[in-house]
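One structure below.
Number of protein chains: 2
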Amino acid sequence: MTTFPTLGILGGGQLGKMMAAEAVRLGIGVRLLSPKDAGPMQAYAHATTADWTDPDVLRDFATGCTAVTVESEWAPADQLAPVCPQDTALWPSPQTLGWIRHKGVQNDRLAARNLPLPAYRRCATRKAAHAAADELGWPLMLKQYEGSYDGYGNRLAKTPAELDDAWDDLAADDGLLVEQCIDFVRELAVQIARRPDGTSVAYPVVHTEQRNHRCHAVVAPAPIDAQLSENAQAVARNAVDAVEGVGLLAVELFETQDGAILVNEIAPRPHNTGHYTIEGCTTSQFENHVRAVLDLPLGSTDLVAPHAVMVNVLGQREGTPPHATGWRQALQVPGAHVHIYGKPEVRTHRKMGHVTALGNTATEARSRAEEAAKQIIL
Amino acid sequence: MTTFPTLGILGGGQLGKMMAAEAVRLGIGVRLLSPKDAGPMQAYAHATTADWTDPDVLRDFATGCTAVTVESEWAPADQLAPVCPQDTALWPSPQTLGWIRHKGVQNDRLAARNLPLPAYRRCATRKAAHAAADELGWPLMLKQYEGSYDGYGNRLAKTPAELDDAWDDLAADDGLLVEQCIDFVRELAVQIARRPDGTSVAYPVVHTEQRNHRCHAVVAPAPIDAQLSENAQAVARNAVDAVEGVGLLAVELFETQDGAILVNEIAPRPHNTGHYTIEGCTTSQFENHVRAVLDLPLGSTDLVAPHAVMVNVLGQREGTPPHATGWRQALQVPGAHVHIYGKPEVRTHRKMGHVTALGNTATEARSRAEEAAKQIIL
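Residue numbers (our numbering), protein chains in the order written: chain A, 32 to 409; chain B, 32 to 409.
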C-alpha cells in the first residue's frame, strides 16, 4: 500500500513554516525540530523544541520520516547522518551542505567544475591577503568563510590599510576569502529544484535589490534579455549540479558590465529571493523543495502573471512581542499578499515578513508591494 | 499597542484547515475546536478535541479570541453565544446561521426580501404537499428542511405516488419543503465576502457541474454573458445581505431556460464551489473569510488567469487510513494544484481532496485538473 510521506524539517523559522504550509496542503505529514522556540513553527502541530545536537533526539525525530531536510546549512545534518534510519532520506546531503557552508570550499568546488566566479584567493595569512591584492587589484571583497550574511562578515577593502583593518576584524584561524570586487550591473538570483536523480527545473531569473547590504526587493523576471536569462539559468543549474544539491537551492549571481554571469554564492535551501514564487509561480519554491527532497515529480516554474515583486518587511526596533502596527493598512492595498512570519521577538533589520504583488507591469507589481510593505511597522 | 488577532474556528475539517492556512500566513493566531478527531485540523498546533456543546469548553475556547467563526452551519454557535466573552466577536451571527440552517426559514427570509426563488410551499402535512403539487405542477423537488446535502435528503417526485414515497422517507415533524423543479440550463455559484458593516465583495460567477448529485467540477468563470454574470452577482449579494451574513458565504443559483437567475440555497461559510479561488483568485475565499470575520479590509477577488477549474477527489472505498495511490502520478500533471485534506477515514463519495488548474482556455484548465484528479485513488 502506498501511504502519504512524512517530512522532517530541521529548523522552525520562516523557511520551515513555508515548507510546512505546502506539505500540509499536499497531504504530507510534517515534523519540525528546533533547538529553541522559533516562533514561525509554532503554528504547526508536530513542532518540537529540543537539543538537536543530541543523537537520541535526532534519531527519534527522523524515525518514521520519509525524508528529513534542513531549513539552513547550519542545521545538524552531520550529526543526524550517522543515526538516521536507513529508510529515511536526508537531503540536501551532509556533503552538499559541507561544500556550501565554507565559502572557500564552495568556491573551490565551483571553480573545479568551471563555473564562472569572481577571481578569488583563499588566504590563510595577512601576508597572503596582501599578495592576493597585488594579483587581483583593488578594491577587494573580504569574506569570512563561515557564517556571514546580510553584510555581516563581509568587508570591502579599497586600500592596504583597509585590508589590514578587515583582517583584524574578520579573520578566523583559517584566514579569509579574498575576492575581486565585482562592479556589477545587477545582482540576480535563480532558484533550482533538483531531485536525487539529478533532474532539475529552473525558476525565472530575478533581480535582487539590496539596501544597506540587505535584500530589499526581488523583481521577477529580471529586466534582462533572453540570452542573458538563459545563460544565468544554465550557470545556476550547473552550480547546483556541481554541489550535487537536492531540494531547492538558490544561486546568487552577478551580472557584470560586459554581460557575463558570475556565481556569487549558493544557498542549499529555499531562499528569500524565491519568496515571490508562492503567488508568482505555478509551483512555489517551497512546494518544489518538498517535492524534490521526497523524490516526487517537480512542478512547473512558470510565472502566473507577467511580473511579480517581493518586498521584505524588516524589524524596526528591538522587542517582544511584535506590534501589528500598519498591518491592517497593508491589507487595504489591492493585490498585496501579506506574509507575517510569527517571530516572537523583533530585532532591527530582522526579516519579520514580506509582501508580494503581481502585475501586468513591473511598476504596477512594485508599487503595490512597496505600498503594503512600508505600512507594516513591526 | 495593536497586536495580531487570534481567530477561533469551530470545526476541524477541510474548511477549517484551509481557513487556518491563510490565517497562519497573515500572522493571525489560530485555534480549532472539534467534537471528534477531525483529521484535517491535526496539522495545526492549537487544535482541541472536546465536547463542544459544553458551555465551559466553549467559553475557554473563545476567551482570548478576537473572533470565533464556524466551519459549518451546524457548529454550536447558539451554545457559544451566551458564554462568549464580550470582546470576542462571533461571525456569522447565530441569527444568520438560524435563518440558513432551516431551508423553509431561509426561503421565507429570501422571499420576504424579494429574492428570486423557485416557487415553493412549506408543507406540514402530506395533504398540504399534494395541494402544493396542484398549485406548482409536476415535477417537484422535495427537500428536508435540515441536514440535506449532496443529494441526501432531497427527492424528485414526478407523480403523486412518488410524492407519497418521498413523504414517507423524508418528512420530519414539521414536514417538508416542496419546490417547483427547475429545468435549469446550469447550476451557478457566487462567493460573497461581507464585513460586519455590510460592505462586501463578489467573486466571479462559476459553473458547478454535478455528477450523481455531487459536485464534480467547478468552472471559473462560468460560460455566461456579462449581463447574466452581473445579475447573478447582484442576486448573490442581495441574498447575503438578506441573511445579514458576515464572513464568506456561497450562494448556489439556477440559470433558467429563459435567462433568469434563481437562488437555490446559501451556505454561510467557505464552500466547495469556491476552492478554485485558492490559486485562481488574488485573494482566496478562505483569506477573505478570515478578513471579514476579523473586520479587516477585504482583498481583491480578481481571477489571476483567464480560466480556473477545480475537480473534487472523492473517496472510492470505506477504510482507514487513506492510501496515496496515484497521488505521485497526479503531481506529474503540469499546473495541477493538489490538495489532500488529511481525513483519517475514507468513505465512498466523501470529499478527500481536490485539484485546481489554471489555463488560458477553459479546456486547458479542465484537462489538467481532470487528469490529475482522476489519478488519485484514495
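Quick reminder that beta carbons are idealized off the backbone N, C-alpha and C, glycines included. Everything numeric in this text was worked out from a predicted model, so none of it was measured.
- It is roughly 26 angstroms from the alpha-carbon of Glu-349 of chain A to the alpha-carbon of Cys-96 of chain B.
- Taken in chain order, the complete beta strand (DSSP E) segments of 3 or more residues contained in the stretch 116-194 of chain B are 151-154, 171-174 and 185-188.
- Taking 9 angstroms as the upper bound on Cβ-Cβ separation, chain A lies near no residue of the stretch 227-260 of chain B.
- The residue from B:Leu-38, B:Val-342 and B:Arg-90 with its alpha-carbon nearest to that of Gln-241 of chain B is B:Val-342.
- Taking Pro-149 of chain B as the centre and dropping the five residues before and after it, the same chain places the C-beta of Glu-210, Gln-211, Ile-213 and Leu-293 closer than 6 angstroms to its C-beta, in chain order.
- Leu-409 of chain B is a Cβ neighbour of His-354 of chain B, given a cutoff of 8 angstroms.
- In this model, Thr-33 of chain B and Glu-218 of chain B are separated by some 44 angstroms (Cα to Cα).
- Residue contact check for Val-321 of chain B against chain A: no CB pair falls below 8 angstroms.
- Ranked by how close their Cα comes to the Cα of Arg-300 of chain B, the residues B:Ala-323, B:Pro-116 and B:Thr-287 have B:Ala-323 in first place.
- Bridge partners of Thr-239 of chain A according to DSSP: A:Val-249.
- Sequence-distant Cβ neighbours of Val-364 of chain B in its own chain, meaning closer than 7 angstroms and more than five residues away, are Arg-399, Glu-402 and Ala-403.
- Nearest C-alpha to Gly-390 of chain B among A:Ala-336, A:His-368, A:Gly-384 and A:Arg-397: A:Ala-336.
- A Cβ-Cβ contact shorter than 8 angstroms links Leu-38 of chain A with Leu-325 of chain A.
- Using a Cβ-Cβ cut-off of 7 angstroms, Ile-40 of chain B is close to nothing in chain A; its nearest Cβ partner there is about 13 angstroms away.
- Note that the C-beta distance between Arg-157 of chain A and Trp-130 of chain A is not below 8 angstroms.
- Closer than 8 angstroms to the CB of Ile-371 of chain A there is at least one CB belonging to chain B.
- DSSP places Arg-378 of chain A outside both helix and strand once states are collapsed to three, so it counts as coil.
- Just so you know, the alpha carbons of Pro-107 of chain A and Ala-291 of chain A end up roughly 36 angstroms apart.
- Going by DSSP, Gln-45 of chain B is part of the alpha helix (DSSP H) stretching over 45-57.
- For the stretch 255-342 of chain B, the continuous beta strand (DSSP E) assignments of 3+ residues that do not extend past its boundaries occur at 278-287 and 292-298, in sequence order.
- Its Cα nearest to that of Leu-362 of chain A, the residue A:Ile-407 stands out among A:Leu-329, A:Ile-407 and A:Asp-82.
- Arg-397 of chain B: member of the alpha helix (DSSP H) spanning 393-406, first to last residue.
- Counting only residues of its own chain and dropping the five nearest sequence neighbours on each side, Ile-223 of chain A has a CB closer than 6 angstroms to the CB of Ser-231, Ala-233, Ala-267, Arg-268, Val-271 and Leu-280.
- Going by beta carbons, Thr-84 of chain B and Phe-92 of chain B fall outside the 8 angstroms limit.
- Here the C-alpha atom of Pro-147 of chain A lies approximately 8 angstroms from the C-alpha atom of Leu-141 of chain A.
- Judged by beta-carbon spacing, Thr-379 of chain B lies within the 8 angstroms limit of Gly-346 of chain B, meaning their Cβ atoms are closer than that value.
- The three-state secondary structure of Gly-70 of chain B, taken from DSSP, is helix.
- Interface with chain A (8 angstroms Cβ-Cβ cutoff): Arg-381 of chain B is excluded.
- Apart from the 5 residues on each side of it in sequence, Ser-315 of chain B sits with its Cβ closer than 7 angstroms to the Cβ of Glu-53, Thr-308 and Ile-309 in its chain, given in chain order.
- Arg-144 of chain B sits exposed, since fewer than 16 C-beta atoms from the chains shown fall within 10 Å of its C-beta.
- In the DSSP assignment, Gly-206 of chain A forms a beta bridge with A:Ala-203.
- Closest in C-alpha terms to Val-101 of chain B, from the list B:Gln-137, B:Lys-134, B:Ala-51 and B:Gly-384, comes B:Ala-51.
- Cβ atoms of Val-321 of chain B and Ala-396 of chain B stay farther apart than 8 angstroms, at about 26 angstroms.
- For Val-364 of chain A, the three-state secondary structure derived from DSSP is coil.
- Residues of the stretch 331-349 of chain B whose Cβ lies closer than 9 angstroms to any Cβ of chain A, in chain order: Ser-331, Asp-333, Val-335 and Ala-336.
- Relative to Val-250 of chain A, the option among A:Gly-44, A:Ala-203, A:Val-237 and A:Gly-366 whose CA is nearest is A:Val-237.
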